[in-house]
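Below is one structure; the comments refer to it alone.
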Amino acid sequence: MPLETNTFFPQIEKESPAVISHYQNIKLREALRYLSKYSAFYGDLFKKHQVDIRKIKTVMDLVHVPVTTKDDLQQRNDDFLCVPRKKIIDYITTSGTLGDPVTFAMTNKDLDRLAYNEAISFTCAGGCADDVYQLMTTIDRRFMAGLAYFLGIRMLGASVVRVGNGIPELQWDTIQRIRPNSIIAVPSFILKIIEYAEHHGIDYKSSSIKSAICIGEPLRKPDLSLNTLGRKIEEKWALKLFSTYASTEMGTSFTECFEGTGGHHHPELIIVEFLDDNNNPVGQGELGEVTITTLGVEGMPLLRFKTGDVCHHFTAPCPCGRNTMRLGPVVGRKNQMIKYKGTTLFPPALYDILDNIDYVSNYIVEVYTNQIGTDEILIHLSGKGIGEEKEKDIKDHFRAKLRVAPLITFASENTIQTMQFPELSRKPVKFIDNREKNGNFST
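Throughout the sequence shown, residue numbering follows the working numbering, covering 27 to 469 in sequence.
Laid out in structure tokens, this is it:
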């Protein structure tokens with residue numbers, strides 16, 4: 027379907043950067059007035075820091091407003107609510123990957139906004155009303171993602187099959203019965219269903235599935251080429267892969283188009299800044315922490331919220347016709363940064379190496395504080411026919427790429443899977459932070 031005829035290709039995304047900037051400045055002023063009137067938290071923040079919102083006229087002026095952090099949300103969760111409780115339709119919680127989960131309350135208007143976000147995001151990834159999506163993520167357990175996808179597909183006018191996560195046998199039974207043309211899944215799970223198909227004689231390459239909307243794990247390197255995980259899927263199965271980035275806090279997603287040049291920004295729904303450690307904007311080509319201001323959120327809007335995610339951004343027009351800013355893959359989360367033997371690492375760098383070792387079937391990366399008070403990395407591995415004789419080879423892979431090698435321990439596939447799915451977890455855990463400063467589970 028030509029993008030120009032699609033209801034869910036917003037005109038603002040085709041406009042010049044100057045028009046998009048002007049539009050966002052108007053929406054920012056509206057958001058500030060709303061927060062000043064209805065938010066107890068931001069009312070206190072403006073008063074405490076003597077912020078005169080009348081002087082905040084452009085996105086560039088936001089540098090004069092203090093940032094909001096995850097600690098703020100955890101400590102004053104209820105004070106972010108801007109509507110009476112009787113207006114709340116749905117309660118959602120964050121996954122708590124960097125701390126205690128936070129509750130978000132959504133009104134009817136917020137759910138409509140969420141559906142619209144996903145409809146225009148699916149359209150960005152080539153979706154249309156003729157599509158049938160198989161949803162391989164949970165829609166329960168207070169999880170936003172599954173609900174958002176369902177609402178967005180419904181608004182798009184497409185069809186959805188709500189299978190949920192896991193159970194490869196049920197996934198393939200559904201594909202063969204209903205013949206969806208696209209799946210929504212965590213990339214590493216796509217490899218699991220490929221493996222199941224190979225072991226059970228399923229001709230997956232000839233199946234109805236032609237594309238995959240991928241969530242929760244990066245598919246690309248900072249230069250936007252496919253990483254090891256993305257290459258493995260593509261080599262096995264000729265799917266068109268679309269990366270996405272989103273969070274509960276922003277209620278907005280950044281989805282790739284067919285060009286594969288980063289996740290597109292939706293200027294109607296969110297303002298995005300990229301900040302350094304001193305909360306100053308960074309330039310294109312520099313790593314910055316994704317910091318968001320939500321637009322059009324009624325229940326719990328946020329202003330200059332630091333997500334903890336670090337990435338690059340791109341501003342050149344995209345050949346798809348959109349002139350919006352694009353996000354690169356998340357390089358890492360600030361709270362997950364590891365200082366190891368003089369080298370600064372983020373977990374995705376470790377994942378990419380492990381995904382590139384053919385005999386490693388599964389893993390968990392654990393970080394803890396050693397006896398001398400520094401970060402130590404211990405990788406729990408499983409694989410067919412591997413044991414201590416492979417330790418040197420694995421460490422050589424790490425030394426070749428990162429100049430340092432972590433500690434290695436071997437475990438059964440069942441043990442690793444048990445570690446990956448702790449009780450009440452809504453998505454698989456690949457990283458465990460047991461350092462003395464926080465000790466949080468992270469994915």
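Don't be surprised by glycine CBs; every beta carbon is placed ideally from N, CA and C.
Please read all numbers here as calculations on a predicted model, not as lab measurements.
Check                                                                                                                     : Outcome
Three-state class that DSSP yields for Y385 in the structure shown                                                        : coil
First and last residue of the uninterrupted beta strand (DSSP E) at F331                                                  : 331-337
Inter-residue CB distance, I216 and A238 (contact presumed, cutoff 8 Å)                                                   : 6 Å
Whole-Å CB distance - A497 paired with K421, under 8 Å assumed                                                            : As shown, the chain starts at 27 and ends at 469. That puts residue 497 outside it, with no answer to give.
Rounded separation between L124 and G334 - CA only                                                                        : Because the pLDDT of L124 is 48, which lies under 50, any placement of that residue in the model is unreliable, and the question is left without a value.
Collapsed DSSP secondary structure at T120 in the structure displayed                                                     : coil
Paired residues, beta bridge with F284 - DSSP                                                                             : BP columns for F284 are empty, so no partner.
Contact set for L196: own chain, Cβ-Cβ below 7 Å, skip 5 residues either direction                                        : V189
Which residues DSSP lists as bridging S232, in chain order                                                                : DSSP lists no partner for S232.
Start and end residues, alpha helix (DSSP H) containing Q100                                                              : 96-101
Residue range of the unbroken beta strand (DSSP E) whose run includes T369                                                : 369-371
M27 to S273 span [Cα, whole Å]                                                                                            : Residue placement at M27 is flagged as unreliable, the pLDDT there being 32, under the threshold of 50; a coordinate-derived value is accordingly withheld.
Distance CB(S147)-CB(S279) smaller than 8 Å                                                                               : yes
8 Å Cβ cutoff met for V316 and R139                                                                                       : no
Residue ranges of each beta strand (DSSP E) within the region 420-458, 3 or longer                                        : 433-436
Straight-line Cα distance separating F424 from V158                                                                       : 41 Å
G354 vs P373 beta-carbon contact at 8 Å                                                                                   : no
N464 burial status per 10 Å Cβ neighbour count (16 or more: buried)                                                       : At N464 the pLDDT is 44, less than 50, meaning the model places this residue with poor confidence; the figure from the coordinates comes in the next sentence. By the neighbour-count rule (16 or more Cβ atoms within 10 Å), N464 is not buried but exposed.
Backbone CA spacing between Q310 and M132 [nearest angstrom]                                                              : 34 Å
Selected residue, minimal CA-CA separation from T46, among V386, P448, E294                                               : Reading off the sequence shown, one finds Ile at residue 46, where the question assumed Thr. Of the listed residues, the one whose Cα sits closest to I46 is E294.
Endpoints, the alpha helix (DSSP H) within which L177 is located                                                          : 170-182
Short CB-CB distance (under 8 Å) between Q446 and chain B                                                                 : Reference to chain B is not applicable here, since this structure consists of a single protein chain.
Contact the region 324-333 vs the region 87-98: 3+ CB pairs below 8 Å                                                     : yes
Helix, strand or coil at A66 [DSSP, three-state]                                                                          : helix
Host alpha helix (DSSP H) of I219 (start-end)                                                                             : 213-225
Beta-carbon gap between I364 and Y389 smaller than 8 Å                                                                    : no
Option nearest K266 by Cα separation, candidates C240, L182, R102, P127                                                   : C240
Within 8 Å, strictly: CB atoms of K96 and R55                                                                             : no
Which of helix, strand or coil DSSP assigns to Q397                                                                       : coil
P194 versus H75, L61, I228, M445, residue with shortest Cα-Cα distance                                                    : I228
For P307, the three-state DSSP class (helix, strand or coil)                                                              : strand
Three-state secondary structure assigned by DSSP to S269                                                                  : strand
L380 beta carbon less than 8 Å from that of E402                                                                          : no
Beta-carbon contacts of P43 that lie in its chain and below 8 Å, excluding the five residues immediately before and after : T341, N349
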